[in-house]
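So the sequences go chain by chain: A and B.
Numbers 0 to 101, taken from numbering that gives the first Met the number 0, label the letters of the first sequence in order.
Numbers 0 to 631, taken from numbering that gives the first Met the number 0, label the letters of the second sequence in order.
By construction, the Cβ of each residue, glycine as well, lies at the ideal position given by its N, Cα and C atoms.
Accompanying notes for the structure given below.
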Amino acid sequence: MIPINHFLVLSTILFSLGMYGVLARRSAVLIIMSIELMLQAVSINFIAFAVYLSPGEFRGLIFAIFVITIAAAEVGLALAIILRIFRNKATANVDEVDIMRW
Amino acid sequence: MGMDDVWLIPAIPAAAFAILLLVGKYLPRRGDWLAIGAIAASFVIFFPVLIDLLDKVDAPDFAGGGRGWDWVSFDDFRLRLGFHVDQLAIVMLAVVSFVALMVQVYSVGYMRGDPRYGWYFTAMSLFAASMLTLVLADNLLLLYAAWEGVGFCSYLLIGFWHERRSAAEAAKKAFITTRIGDVGFLIGIILLWREAGTFDISEIFHFAEEGGYSAEYLTMAVLFLFAGAAGKSAQFPLHVWLPDAMEGPTPVSALIHAATMVVAGVYMVARMFPLFELADPVALNVVTALGLTTVIMSATMGLAASDIKRVIAYSTINSLGLMMVALGSGSVTAALLYLFAHGFFKALLFLGAGSVIHATERQEVADLGGLASKMPVTAAVFAIGTLSMAGIVPLAGFWAKDEILNVSGDHQNWGVYALMMLSVFITALYMTRLYVRTFTGRPRDHHAHEHAHDAEPVMTVPLLLLAALTLVAGFVAFDGVGEALGFPGGFGKFVFFEEPEAFHFPWDVAIISTIAALAGITVGVYAWSGEARPARRAAEALRPAYLTLANKYYMDDLYQWVINRVVLTAGAVIAWFDRNVVNDTAVDGSAGLGVFSGFQMKFLETGKLPNYALGISLGVIVIAIVFMVVRV
Chain A
0 MIPINHFLVL STILFSLGMY GVLARRSAVL IIMSIELMLQ AVSINFIAFA
50 VYLSPGEFRG LIFAIFVITI AAAEVGLALA IILRIFRNKA TANVDEVDIM
100 RW
Chain B
0 MGMDDVWLIP AIPAAAFAIL LLVGKYLPRR GDWLAIGAIA ASFVIFFPVL
50 IDLLDKVDAP DFAGGGRGWD WVSFDDFRLR LGFHVDQLAI VMLAVVSFVA
100 LMVQVYSVGY MRGDPRYGWY FTAMSLFAAS MLTLVLADNL LLLYAAWEGV
150 GFCSYLLIGF WHERRSAAEA AKKAFITTRI GDVGFLIGII LLWREAGTFD
200 ISEIFHFAEE GGYSAEYLTM AVLFLFAGAA GKSAQFPLHV WLPDAMEGPT
250 PVSALIHAAT MVVAGVYMVA RMFPLFELAD PVALNVVTAL GLTTVIMSAT
300 MGLAASDIKR VIAYSTINSL GLMMVALGSG SVTAALLYLF AHGFFKALLF
350 LGAGSVIHAT ERQEVADLGG LASKMPVTAA VFAIGTLSMA GIVPLAGFWA
400 KDEILNVSGD HQNWGVYALM MLSVFITALY MTRLYVRTFT GRPRDHHAHE
450 HAHDAEPVMT VPLLLLAALT LVAGFVAFDG VGEALGFPGG FGKFVFFEEP
500 EAFHFPWDVA IISTIAALAG ITVGVYAWSG EARPARRAAE ALRPAYLTLA
550 NKYYMDDLYQ WVINRVVLTA GAVIAWFDRN VVNDTAVDGS AGLGVFSGFQ
600 MKFLETGKLP NYALGISLGV IVIAIVFMVV RV
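Structure follows, in structure tokens:
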């Protein structure tokens, strides 16, 4: 059986990639995709722990399903917002969208 | 109906006050009938209470009756809203409810056409409710609340015509001066409570009788209580407010500043008398000394006062001093008999003066004169009041004053007794002066004299009723009269401290006091009748003395000097501290710090998404590191 460390390392790499994407990208669409990466890293963690620590129970798996559901809903909402911004400002660059400041 | 329902007596005027305050201006006649009806109802309820009390008073350990409710109730702290009636309270109830009724009826005529007619009766109802609560309260805290209530009503009614600057000033002066005494009263109450753990008056007596208080402690406590009484009852050195209080409408002076509120101090001392008796004799000596000082000062000031109401005000202070001397001599009976009689004849004098002022619109004695022919009824009842105040047999004032002279002769030294006799002479003198200058001689202001006439029946009927009581009220001192009315005997067998006192009448005291009073009247008539030449010569010859009296012993000036120099200087220092340290530095400073830091920190809000994302990420990392460090 593959040791749990492999899964954890994988999820850490995925999470770090996602975090880098969120911080480094300027396109709103790419930022959302990076967030998806982070969410899936968390899902992997949940499933790995669920299988290794309490086999036969579903708690961790159910959490993973919840994460996927919420990720889908969140993408729907976020894309709608990005579309509105694009309509109004003809750009999806988050640096140029800073009207909510002091 | 009986003693259990005594709470209705203050409750009815209180309800009338509430109604008048809320909807008074929509009522016909601005609701004066409601105020008068309420006090009349209280007066009617007084009788079944009295009958019930007389039924039970013969029981061996009768200590009054009443009813109370829990007002505040914590674990071991209970405060009752209790109404209690005993012999002392019933005498006071009789005076308060009857005089209040008479004065309110009289006011219908006196205050007619006043723009604040409705408000006048509203305030009078509140006063009646507070005063009756004060009389009936069975614990010191309720007593204190009612005590402040009457003081507040006094403030409202002295300043009733507050457009006049002098009235507003007088109201303020009365309130502040009595407040000075009230602070002492409150300290006294707290001292009594601290040891006994209760505000209930009878429980405090019980505690004191079992030796719960040390003698020095109790002496201090009762002296603080007496400070409150001195403020309310205008005793030296807090008497200065009462003459100025005459700025209020005259019926107010009759009710509040003669018959009821100002005797509250005497009543309070009488009610707390067991404590005064248990305390060091110093306490009662202080009461006597201040009472006697008040008597002599007020009587002499009455000689020089120029305003008809002020003269009567000085006579009130004089009477209050006499009652305090009676208490200081250990006789609750004498003090309460005088209080009872005084309530009627002093209200009569004030309402008589009110009729004169109403008819002539003058109140300086110098502008009056010769009114007897124009106002025969007023002149007659005023003469009765004057003679009663002077102490001429058989009027109420005579019996009451003689009782006080008796006890001061029995219990005090000759100096006190002699000064009391001197005060009888001076009292007769200035009361005669007032009567002679107002009602006899030639009119000095013809315009005012032309229009003068006796007032309408709504004003004269209360005068006549009060005059009738002034004629007969003194006879309650006799045992036979008391028994005929269903009382256990004369006044001394009904209201007493420790032992009932049978009526006794030492002829020597009566004869000396009558001679003193007649001498005062004779000298007064000689000095002030006609053009008052002898009096004027005397004033010229004794100019410094006259000026001292006319300037009220310079006490007002002394107080004004103290206020200007000491109080206002201290106030300026405190105001500077408040403005610069408390306000500018502490309050404005901390607010300014908030504004400044808020202004600086708002630039963190860049509105750029990556900045926020970076902040969140760094925050998570910091928290993660902290957790790891703390865990490991």
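Residue interval of the alpha helix (DSSP H) (run including residue i)
i                         : result
tryptophan 506 of chain B : 506 to 527
serine 10 of chain A      : 3 to 23
leucine 20 of chain B     : 7 to 22
valine 90 of chain B      : 86 to 109
glycine 414 of chain B    : 413 to 438
proline 47 of chain B     : 31 to 55
aspartate 409 of chain B  : 395 to 410
glycine 290 of chain B    : 280 to 303
histidine 448 of chain B  : 445 to 450
serine 372 of chain B     : First-last for serine 372 of chain B: undefined, no H or E at that position.
tyrosine 119 of chain B   : 116 to 135
valine 619 of chain B     : 608 to 630
alanine 207 of chain B    : 200 to 208
serine 318 of chain B     : 307 to 327
glutamine 633 of chain B  : In the structure displayed, chain B extends from 0 to 631; residue 633 of chain B sits before or after that span and is not available.
leucine 36 of chain A     : 27 to 52
lysine 172 of chain B     : 164 to 195
leucine 484 of chain B    : Premise fails: leucine 484 of chain B is in no alpha helix (DSSP H) and is neither H nor E.
Residues that residue i contacts on chain A, provided the C-beta gap is smaller than 9 angstroms
i                        : result
threonine 605 of chain B : Asp97, Arg100, Trp101
Chain B residues whose Cβ lies nearer than 7 angstroms to that of residue i
i                        : result
methionine 18 of chain A : Ser616
Beta strand (DSSP E) segment containing residue i, residue limits
i                     : result
glycine 67 of chain B : 64 to 72
Contacts of residue i in chain A (Cβ-Cβ under 7 angstroms)
i                      : result
alanine 612 of chain B : Val21, Leu22
Below-8 angstroms beta-carbon distance, residue i vs any chain A residue
i                            : result
phenylalanine 602 of chain B : yes
proline 114 of chain B       : no
leucine 636 of chain B       : Only positions 0 to 631 of chain B appear in this structure, which leaves residue 636 of chain B out of reach.
With 16 other Cβ atoms within 10 Å as the buried cut-off, status of residue i
i                         : result
glycine 414 of chain B    : exposed
glycine 664 of chain B    : The structure shown does not extend to residue 664 of chain B, since chain B is modelled only from 0 through 631, so no value can be given for it.
isoleucine 391 of chain B : buried
aspartate 181 of chain B  : buried
isoleucine 510 of chain B : exposed
alanine 395 of chain B    : buried
tyrosine 429 of chain B   : buried
serine 252 of chain B     : buried
leucine 613 of chain B    : exposed
tyrosine 611 of chain B   : exposed
leucine 557 of chain B    : exposed
glycine 329 of chain B    : buried
Residue i: CB within 7 angstroms of a non-hydrogen atom of the ligand MG
i                    : result
valine 90 of chain B : By its list of ligands, the structure shown contains no ligand whatsoever, and the ligand MG lies outside what it can speak to.
is_contact[residue i, chain B] using C-beta, thresh 8 angstroms
i                    : result
valine 93 of chain A : yes
Interface residues of chain A facing residue i [CB-CB closer than 8 angstroms]
i                      : result
leucine 141 of chain B : By Cβ distance, chain A contributes nothing, its closest Cβ being about 60 angstroms from leucine 141 of chain B, past 8 angstroms.
Where in the segment 568 to 602 of chain B do unbroken runs of the beta strand (DSSP E), each at least 3 residues long, occur, reported from the N-terminal end onward?
Listed in chain order, the beta strand (DSSP E) runs fully inside the segment 568 to 602 of chain B amount to none, counting runs of at least 3 residues.
Can you list, in chain order, the stretches of the alpha helix (DSSP H) that have 4 or more residues and sit fully within the segment 211 to 243 of chain B?
Runs found: 214 to 231, 240 to 243.
Every unbroken alpha helix (DSSP H) inside the segment 242 to 280 of chain B [4 residues or more]:
Those alpha helix (DSSP H) runs which fall completely within the segment 242 to 280 of chain B and span 4+ residues are 249 to 253, 263 to 270, 272 to 277.
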